[in-house]
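Worksheet for the structure shown next.
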Amino acid sequence: MLLPILKWGRRSLASDAILPTVLVHGGAGHIDADKVECVKLGVKQAAQRGYKAMLETGSALDAVEQAVMVLEADIHFNAGFGSVLTEDGNVEMDASIMDGSRLEGGCVTMARNIMHPISLARCVMEKTNYRFLAGDGAMRLAKEEGFEILPKNSLVTEASQKLLKVFKTSNTDTLYNVVPGTVGAVAIDACGNVAAATSTGGLTGKLSGRVGDSPILGAGTYADNEAGAVSATGHGESIMRYNLSSRVLALVRHKDYSIQEAVEEMLQNMTAHFKQTGGLIAIDHRGQLGIYFTTELMSWAYQQGNELHCGVEVGEDEVEIVDDDT
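Once you know that position 137 of the sequence shown is 254 in the numbering used here, the rest is easy, because the numbers rise by one and skip nothing.
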């Protein structure tokens with residue numbers, strides 16, 4: 118079922134100045150009623166952390182990394198500490214980050230025993246001649262760059278073990294449409310630079326070595342100052358085949374779509390074509406926001422000035438006024 122959703126994003130009426138903004142998602146799908154408030158708190162804290170980082174450094178790239186790091190450390194999300202398990206009961210994580218000012222990106226897959234794969238993805242971008250590292254190569258870089266390597270199984274939680282048990286006793290091929298969810302962030306700074314980041318533990322019960330859309334530039338993550346930034350969540354095999362994030366920004370850049378129109382059209386098209394659902398957050402080069410999902414729910418939050426917005430259900434937009442130094 119395709120779901121309508123309200124329009125988000127605003128600009129100053131007094132000028133055309135871009136308002137620095139950080140927008141995050143905590144995954145699209147079903148969220149148990151008793152987890153909703155925890156999930157909302159998590160995405161709000163992530164948006165605030167990212168916004169604070171951008172005020173301190175002026176960098177959209179710093180903002181998305183810091184926002185995603187908050188969610189990677191939160192057990193309620195499928196990234197870092199909350200990652201789901203492979204069929205063998207292990208944690209294999211994917212992440213990517215992209216700087217729209219330079220069209221630079223970094224990607225990792227099959228990352229193990231570290232809390233913050235998103236920082237390792239940035240390390241690939243900034244410390245190597247490569248843009249995508251997997252498995253042993255990614256972990257060698259992590260060790261060389263001083264990442265804390267956690268003891269084996271440190272990231273395996275009771276919640277992820279329960280999900281794996283449900284998967285193994287069910288008749289479904291995959292179990293992605295439940296909490297915890299993939300996480301992501303997009304941001305624009307005062308100079309109009311955009312960035313995007315996405316991090317995930319993948320699918321519960323996935324084969325070891327499976328790679329989804331999250332670490333793939335153009336699919337789960339993309340950023341380009343001439344169009345905007347996008348982070349996706351949902352059915353990875355569909356998102357990567359549809360090249361979802363790049364398609365969204367192509368409509369903005371070449372057909373003058375608003376970012377909200379673009380995320381709606383592309384996600385509706387993907388859902389209709391593959392009969393699989395997902396969610397998107399995006400911000401365009403003018404600072405307008407796009408938030409849309411064809412799943413039951415998607416957690417999201419953004420901070421712009423002293424306004425902190427949050428939602429989970431269709432059309433929901435809770436607003437808080439926060440201190441600038443929060």
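Beta carbons are placed, not taken as given, at the ideal position from N, Cα and C, and that holds for glycine.
Compute the Euclidean distance between the alpha carbons of residue 155 and residue 178, then round it to the nearest angstrom.
26 Å
Residue 409, enclosing beta strand (DSSP E) - first and last residue:
406-410
Express the C-alpha separation of residue 205 and residue 175 in angstroms, rounding to a whole number.
43 Å
Contact set for residue 317: own chain, Cβ-Cβ below 6 Å, skip 5 residues either direction
195, 196, 211, 299 and 331
Pair within 7 Å by beta-carbon distance, residue 202 and residue 225
no
Look at the alpha carbon of residue 319 and the alpha carbon of residue 354, and state the distance between them as a whole number of angstroms.
11 Å
Take every Cβ of the region 156-163, pair it with every Cβ of the region 258-271, and state whether three or more of those distances are shorter than 8 Å.
no
Would you kindly check if the distance between the Cβ of residue 418 and the Cβ of residue 160 is under 7 Å?
yes
Specify the secondary structure class of residue 293 as computed by DSSP and reduced to three states.
Residue confidence is low: residue 293 scores 49 on pLDDT, short of 50, so the model does not pin down where it sits. No coordinate-derived value is stated.
Kindly list the residues whose CB is nearer than 7 Å to the CB of residue 369, restricted to its own chain and excluding five residues on each side of it in sequence; keep chain order.
344, 345, 376, 379 and 401
Where the beta strand (DSSP E) through residue 420 begins and ends
414-421
Below 8 Å on the Cβ atoms is my contact criterion, and I expect residue 209 with residue 363 to pass it. Report the Cβ-Cβ distance as a whole number of Å.
Not a contact, Cβ separation roughly 25 Å.
Separation of residue 374 from residue 130, as counted between CA atoms
Unreliable placement is indicated for residue 130, whose pLDDT of 31 sits below 50; no coordinate value is reported for it.
Report the partner residues of residue 438 according to the DSSP bridge assignment.
424
Can you list, in chain order, the residues of its chain whose CB lies under 8 Å from that of residue 439, leaving out five sequence neighbours each side?
165, 420, 423, 424 and 425
For residue 308, does the count of other Cβ atoms within 10 angstroms reach 16, so buried, or fall short, so exposed?
exposed
Report the residue from 271, 183, 313 and 269 whose alpha carbon sits nearest the alpha carbon of residue 342.
313
Short check: CB of residue 200 to CB of residue 272, under 7 Å?
yes
Is residue 305 helix, strand or coil when you go by DSSP?
strand
Cα-Cα separation, residue 427 to residue 406:
13 Å
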